[in-house]
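Engineer: Got a structure for you, questions after.
Protein chains in written order, with the working numbering: chain A, 17 to 337; chain B, 17 to 337; chain C, 17 to 337; chain D, 17 to 337; chain E, 17 to 337; chain F, 17 to 337.
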């Protein structure tokens, strides 16, 4: 079996095969009137233009824009940039192509850690919650939504905006919660629950196949209110869930953005709520700086200013000398 | 039956009787060690200090701070200001004192219009909604909450913050809705429903006996989210309530403040939602200016700057000459 | 007479004729040294490149950039996009080309309603003003400026920025004024006058042939102050115009933007002024959302975020299901 | 003739006479029912309470709150603070009391420099304007308004808010204008004219007898627009005043606050306008810091933070050691 | 030895002795002309007025405003409030009065934890820094400033503004640093150093005897720049301190406030700097909410809005029921 | 010797020679696989693309991106724009090419005035400082840094961002300082010193060969703190430099930006500091408007809005008619 060639390795004249995400597909006419397909393909390593000159209508039916595709083709140079002339193409799904090496993680950016391992760590943390109501609440919500949780990004574009970014963000925060809850002598069960559920509405706010986008509920209601609905609806199914405790959980979710300008209808009004907000800010900002440094195209020790922080970030030379 | 004397009419040496709101009550010792009750009393016309020197412990049990009270007493002058020496005092309720002329409207500021008349006008407008789902939704919510609706203020301190202010604000907005909906060729039923329900969460956000204050749910969840819950819960009891229509109603309630800084988690995303927000702004601002002019203590044609608008408002001389 | 072909209907190989707005015109040399004219043409339906290869210097004298032009030509495809090879071209004016079907409304966006009808509605409303001074004031200003008023846009780029947009905006506001004035028990004559005159300075702030732009007075003085000058100068010609009334009209014009940041040197200081400002905000915002939805290129139920409101707007699916 | 005693020199038991500003006057009853007059008196050096126990109704007619008064009386101590028992009192005007030493500058804060000297300096500067139109414009406006100009403050409360503060501010700015105009190679005549006229509307915005307050025109129109009217009206009386030049003068006045938030409807759009604005900012801020240091009650080297700059200002020890 | 009576326990008629902070002292005359001393006294539990009627000039020399004082006296009631008639008074210092039970912690608010224990914990953490340069840097700065560090507050008024508040804040942050450094895979030595030194300039910015106030350097230079000077000056005394490493430490100190508006001349430009800032925000905000809840005078479950967060904070009823 | 041809004079077919700044240089392959060099060249008059088709590897070693280069070549037209085919190219330095007419001022924008003359004027002003400590301080810092001072820009992109812009900005400010210091009766020596040193840190913040960029110290520490270090270090070498005086100089430097948002860690706290800030604002803004007008590409009397002031600037027609 031939090796899979990532876009960043394309060289003029190569015959390649591999899996890519088709982000644009247009049926066009050449000047001589023939049909062809004009594609933009992407994977974790880069982006390239593709053209299909032959069997155009056959191939046109095999895949849509937004699909992962399996491709055989040849690399040309057009206008000083590589371009892929596609010879064979088909929609790639895990069902059909896993045995040929297809993994969605090839075509979209993905969390570094293994989602299964992260899932296990999170469920272990849930298992340690002592308050039986909060433990049940978290367990049920996570269990019911496991499928989505395994691959969901944490946001469309701001931070942890990649496959399994949601799990990565939650796990990082949860680990902090179990340290910082006792540090500040708070109800750690409540802090941890707040962390686990604060963004849970994103499962319905964001539609995430390969490319994340907002759902209708996301646009009109928003993840803050949706998430608090989820917590509330589940708590109602748990017998004798204390009313005051639920109110606190709801408040933590509603206030976790911390500022009205960031669309929280309430600001944190007790310490557990404040801590969940502050942990969220910390983990998001650390991740945003991480990504800003990784994505930066500059060669020197500093990034340019086109990042969240609007300053040149110091990527460093070599640490402590 | 002796006449009821409002505080603004108190004169030195008068023997008076009337109904007042007791806003502060403190049990104190005179220098000689005797107990006395130190009161602050208020009605629609002003405020006065009161003292009870006799039968202190008996009277002390008859009423609490926050109660409306029936009083007989005498007016002195102390430190150049009137003071009431209370001879008899009792808690005033509609049950016991209505026949003596007690009406809560005597002791707290109240909307000008009659609440019963406003209620009737609003229910007439609800009756004209053509969409059967929206009509049922509004009818049920208003019917169930009628008691509170009759006396609730529209806010704790900003606008229409007086007895039956809620009704007054909604009725004014509703009348505009039925004009402006067609003017902009919108779904007037939806605009009217939005107007009727946008602030409905205030019934649970604000606790309003004589003095309005925030409830626990008000502080931790807020009227925007509570109101949307009420609409949603009621809609779920109406058979085949269209999903998209409910989503629109929910969005109108969530976005009616119009700005994130004003605690709306969403900004209006379609025209009916935008219009509800704009009508709300218009009616609130007109009312705020109205009250700012009425409350102003200055004598000249202009108010001072200590108002919402931070400018001297022109109260006018006589119109058009 | 051949039909007029709008740009959106251009197809390769067509011979067309029609009226377009020439928004750019450049005289250039081909590689072989020959002169040609490079044009950008626009109408209500779209935009296209044009070339004139023959009789270049003759045609060059017949029209300028900014003119409406009458064209005969042929549609080619260049770089996958239509391009018009112009065979004949001439400046189009209502005088010369009306009989061939020329109407400025063909080449620039225009209000939906008929300007003549709107004019009539507005003058009817002016006729109903009871205060003789205000009626005279409005009549005179509108009469003197009728020509401009018929076609002026309400702004260069924000709202109602199309032919006769000024009339459309004023008429919409005036209709609200006559409803809302009585609703708030205000001097409706004054509100209506405020509405009619608040933006009157735009007649001199904006130069509007086919494309609107700012005049020197517009840039250095601005429509707010210019408009107040117009009201003042006209009032001085009306015998015994009450001094206080004029002061109020001036204040309404100066304060109608409502906020200092929006270039109003004063904020509304009485209720008629506040209402004019609020009606203006309402009508502008409703129009801005209207246009944002119409101009949006997205296919789904939501617009993109590149609009005044910075959120995805819900264009809807089908109403209430 | 006995000496005039300033309030800061009042000592218990003194018999004094002097001139003071009566800032409050109330007719009251003693506990025994007798009438007395309760006064607050102020001069450049401080403030004191006054009481009139005798011939109350006679004296009551001799002066009003807001008047300067001539007083004879005796100093007591009441509640640990000096209090003046007034024996004789009369309204003080320059006409009647100048020969006894009355000067308005005794009772209100006044510019350090002599207004006559400042006037002369300013007219000399006007005399040096080369452009005949601008020279005439400034001369006429200053000549017509000379009386007011001699005593007007530059603002109600911000900077140069004392008698003849207007002249002081303008003269300081004018001296800078004739230096900085050539420094930046600008039209110095225009800069100087801008400086002389930028705040001229304050003559009608502020009513200033002893205490400055806003006029009706000031509140509803504002000094920026009023000032530009004055320049415009005067220019219209000067034959062949160049249209463009007038436009520039108007723009300088309208834009001199520099920011929309500071109520300028325009921002400076050419260099002379920008410089007038910057000179104004410089002179105002220097004066505000000056006054903040002088008014500060703290003993140490730093003021408190309750000043325009919101920081502790360094009043210094002794300069350079 | 008689017990020490805190101010909150004062009752009419008590003879008391104790240690208090004299926050105001004024020499005054009675109406009869005798001298007396008027005092305001404070301790951890409250505040009271004091009077010295006898041996006034003797006692006047024994202490100053700002001193801790040892007092014997008697409690009266004046105007319904307790007042202390002082019989004997002397300045209290640890040298002279420790054996009578004097401890500065009696008269000013103090951190809960023992400063000696906190000191030990911090030096232990310093001992674990692996980078020899950073370890030496921290050790030297802490050793040299030990005396001040033991009692310094962390700020004048915002957070940890009590005796030993600096140590408390630093220790809390340092414990987080050693957890969160590895959590984010950063240079933990650098994060810990940043935490230890970020506020070190406060030792010279704030003068703290019993009441904290700003020094001249504090007002004119500020703790951010002073602290960075201290780090720099000490590093220069350490042989071969790596230049780049010092630059990073300096940047962390300069950027730790995180925002320009909070007086940081730089924003965090690498991850260790960002984390120090975020830990600082977290610890400060948690402390501010803590104090806001403790200081709140309201009786119900919510505080009033007069706190840093401008919302009612939920002090809670009993947790989870 | 052939004349030097500026880019703005390039015409098709010309053989030219001259000095240009190479701002981009890329080694590329033609479709046929041959190497060529793709250049972007700039001088004071414009920008042009350049190609080197021959002796590619030889020439490639002779210069780098960022160098000034001496070129012989021929002008073609490509895609309707001039393009330079380079025949000979070499790095241009003052050492080697001055005799052929090379001057860095040819290839980068440069102050109008002669740096040597400006230097002399500044040193004359320093010579007039009376305070011996301040005079020595300024002399030493200027003498040591003379080389950099002669060519440094005043900023990377905001104002005076051209060769010798630093000198130009300082000289303009210094001339104002000696006028305005006495005008406001301040310590003019201190104002002048503040002006001379306020931006001195820019010598180390900005790296300026032909194109200015930020240094590592610039990014991590910033010119404000660096400049104050320079003043401080130099003052320490001057015997008996008064401590308080140094503190003032340091404060002036730290506070000269005037606002926290502009990265000043302190705001001006005394009058000399305030005046230095205000002079800086004035000179920067005047320069920014100057450049905005010069750089504007519009033909009419107004610039477009894409400038610092966000308004159309009035470039004028002809002055006063």
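Just so you know, even glycine gets a beta-carbon here, dropped at the ideal spot from N, CA and C.
Note that the coordinates shown come from a computational prediction; the quantities given were computed from them, not determined experimentally.
Counting contacts by CB-CB distance shorter than 7 Å, is residue 235 of chain B in contact with chain E?
Structural biologist: Taking the first residue of the second chain as 1, we reach residue 235 of chain B at position 219. Proximity of residue 235 of chain B to chain E, defined by a Cβ-Cβ separation below 7 Å, is satisfied.
Engineer: Do residue 246 of chain B and residue 187 of chain B have their C-beta atoms closer together than 7 Å?
Structural biologist: The residue you call residue 246 of chain B lines up with position 230 of the second chain. The residue you call residue 187 of chain B lines up with position 171 of the second chain. Taking C-beta atoms as the reference points, residue 246 of chain B and residue 187 of chain B fail to come closer than 7 Å.
Engineer: What is the DSSP secondary structure of residue 61 of chain C, reduced to helix, strand or coil?
Structural biologist: Counting from 1 along the third chain, the entry for residue 61 of chain C is found at position 45. Residue 61 of chain C falls in the coil class under three-state DSSP.
Engineer: Smallest Cα separation from residue 138 of chain B: which of B:162, B:126 and B:33?
Structural biologist: Mapped onto the second chain, residue 138 of chain B falls at position 122. Looking at the Cα atoms, B:162 is the closest of the given residues.
Engineer: Output, in chain order, the set of chain F residues within a Cβ distance shorter than 7 Å of residue 277 of chain E.
Structural biologist: Translated into positions along the fifth chain, residue 277 of chain E becomes position 261. Residues of chain F passing the Cβ test: 276 and 277.
Engineer: What separation, rounded to the nearest whole angstrom, lies between the Cα atoms of residue 301 of chain D and residue 222 of chain D?
Structural biologist: Counting from 1 along the fourth chain, the entry for residue 301 of chain D is found at position 285. Counting from 1 along the fourth chain, the entry for residue 222 of chain D is found at position 206. Distance between the alpha carbons of residue 301 of chain D and residue 222 of chain D: 21 Å.
Engineer: Rounding to the nearest angstrom, what Cα-Cα distance links residue 298 of chain D and residue 121 of chain F in this structure?
Structural biologist: Counting from one through the fourth chain, the residue named residue 298 of chain D turns up at place 282. Counting from one through the sixth chain, the residue named residue 121 of chain F turns up at place 105. About 35 Å.
Engineer: Where does residue 143 of chain B fall in DSSP's three states?
Structural biologist: If you number the second chain from 1, residue 143 of chain B lands on position 127. Of the three classes helix, strand and coil, the one that applies to residue 143 of chain B here is helix, per DSSP.
Engineer: Do you know how far the Cα of residue 181 of chain B is from the Cα of residue 127 of chain B?
Structural biologist: One-based indexing of the second chain puts residue 127 of chain B at position 111. One-based indexing of the second chain puts residue 181 of chain B at position 165. C-alpha separation (whole angstroms): 6 Å.
Engineer: Look at the alpha carbon of residue 336 of chain D and the alpha carbon of residue 125 of chain F, and state the distance between them as a whole number of angstroms.
Structural biologist: Taking the first residue of the fourth chain as position 1, residue 336 of chain D is located at position 320. Taking the first residue of the sixth chain as position 1, residue 125 of chain F is located at position 109. Residue confidence is low: residue 336 of chain D scores 36 on pLDDT, short of 50, so the model does not pin down where it sits. No coordinate-derived value is stated.
Engineer: For the candidate residues C:42, C:207 and C:229, whose alpha-carbon lies nearest to that of residue 318 of chain F?
Structural biologist: Translated into the one-based positions of the sixth chain, residue 318 of chain F becomes position 302. Among C:42, C:207 and C:229, the Cα nearest to that of residue 318 of chain F is on C:229.
Engineer: Which residues share a DSSP beta bridge with residue 92 of chain F?
Structural biologist: Here residue 92 of chain F is taken as the residue at index 76 of the sixth chain, counted from 1. F:99, per the DSSP bridge assignment.
Engineer: Cβ atoms of residue 257 of chain A and residue 330 of chain E: under 7 Å apart, would you say?
Structural biologist: Residue mapping note: residue 330 of chain E aligns to position 314 of the fifth chain, counting from 1. Residue mapping note: residue 257 of chain A aligns to position 241 of the first chain, counting from 1. No.
Engineer: Pick out the complete alpha helix (DSSP H) segments inside the stretch 221 to 294 of chain F, 4 residues or longer, and give them in chain order.
Structural biologist: 232 to 236, 239 to 252 and 259 to 271
Engineer: If the cut is a Cβ gap below 8 Å, which residues of chain F does residue 241 of chain E touch?
Structural biologist: Residue mapping note: residue 241 of chain E aligns to position 225 of the fifth chain, counting from 1. The contacting residues are 241, 244, 270 and 281.
Engineer: Does residue 273 of chain C pass the burial test, meaning 16 or more other C-beta atoms within 10 Å, or should it be called exposed?
Structural biologist: Here the question's residue 273 of chain C lines up with position 257 in the third chain. Looking at its Cβ environment, which holds 16 or more other Cβ atoms inside 10 Å, residue 273 of chain C is buried.
Engineer: Output the distance between the C-alpha atoms of residue 312 of chain C and residue 58 of chain F, rounded to the nearest integer angstrom.
Structural biologist: What you label residue 312 of chain C is simply residue 296 of the third chain in a count that begins at 1. What you label residue 58 of chain F is simply residue 42 of the sixth chain in a count that begins at 1. Distance between the alpha carbons of residue 312 of chain C and residue 58 of chain F: 40 Å.
Engineer: Alpha carbons only, please: which of D:184, D:44 and D:76 is nearest the one belonging to residue 106 of chain D?
Structural biologist: For the purposes of this step, residue 106 of chain D is identified with residue 90 of the fourth chain, where counting begins at 1. If we check each option's Cα against that of residue 106 of chain D, D:76 comes out closest.
Engineer: Apply the 10 Å Cβ neighbour rule to residue 233 of chain A and answer buried if 16 or more other Cβ atoms are within range, or exposed otherwise.
Structural biologist: The residue you call residue 233 of chain A lines up with position 217 of the first chain. Residue 233 of chain A is buried by the Cβ-count criterion.
Engineer: Please classify residue 335 of chain C: does DSSP put it in a helix, a strand, or coil?
Structural biologist: For the purposes of this step, residue 335 of chain C is identified with residue 319 of the third chain, where counting begins at 1. Note on residue 335 of chain C: pLDDT 38, under 50, position unreliable in the model; no value is reported.
Engineer: Does any C-beta atom of chain D lie closer than 7 Å to the C-beta of residue 210 of chain C?
Structural biologist: Here residue 210 of chain C refers to the residue found at position 194 when the third chain is read from its first residue. Not an interface residue.
Engineer: Just checking my contact of residue 288 of chain E with residue 207 of chain E at CB under 8 Å: how many whole Å lie between their CB atoms?
Structural biologist: One-based indexing of the fifth chain puts residue 288 of chain E at position 272. One-based indexing of the fifth chain puts residue 207 of chain E at position 191. Contact flag correct, Cβ pair sits at about 5 Å.
Engineer: For residue 26 of chain D, return the contacting residues in chain E, with the cut-off set at a CB-CB distance below 9 Å.
Structural biologist: Position 10 of the fourth chain, counted from the start, is the residue given in the question as residue 26 of chain D. By Cβ distance, chain E contributes nothing, its closest Cβ being about 15 Å from residue 26 of chain D, past 9 Å.
Engineer: DSSP on residue 303 of chain B, reduced to helix/strand/coil?
Structural biologist: Residue mapping note: residue 303 of chain B aligns to position 287 of the second chain, counting from 1. Under the three-state reduction of DSSP output, residue 303 of chain B falls in the helix class.
Engineer: Of all the CB atoms in chain C, is at least one closer than 7 Å to the CB of residue 325 of chain F?
Structural biologist: For the purposes of this step, residue 325 of chain F is taken as residue 309 along the sixth chain, with counting starting at 1. Closer than 7 Å: no.
Engineer: Distance cutoff 7 Å, beta carbons only. Does residue 181 of chain D sit that close to anything in chain C?
Structural biologist: As a first step, residue 181 of chain D is located in the fourth chain; it is residue number 165 there, counting from the start. So no, residue 181 of chain D is outside the interface.
Engineer: When you compare only the Cα positions, how much space is there between residue 294 of chain D and residue 211 of chain F?
Structural biologist: Along the fourth chain, read from residue 1 onward, the residue named residue 294 of chain D stands at position 278. Along the sixth chain, read from residue 1 onward, the residue named residue 211 of chain F stands at position 195. Straight-line spacing of the CA atoms in residue 294 of chain D and residue 211 of chain F works out to 17 Å.
Engineer: Can you grab the Cα-Cα spacing for the pair residue 41 of chain F / residue 90 of chain A, in whole Å?
Structural biologist: Along the sixth chain, one-based indexing puts residue 41 of chain F at 25. Along the first chain, one-based indexing puts residue 90 of chain A at 74. If I take the Cα positions, the gap works out to 30 Å.
Engineer: Could you tell me the distance, in whole angstroms, from the CA atom of residue 324 of chain E to the CA atom of residue 203 of chain B?
Structural biologist: Translated into positions along the fifth chain, residue 324 of chain E becomes position 308. Translated into positions along the second chain, residue 203 of chain B becomes position 187. Spanning the two alpha carbons is a distance of roughly 44 Å.
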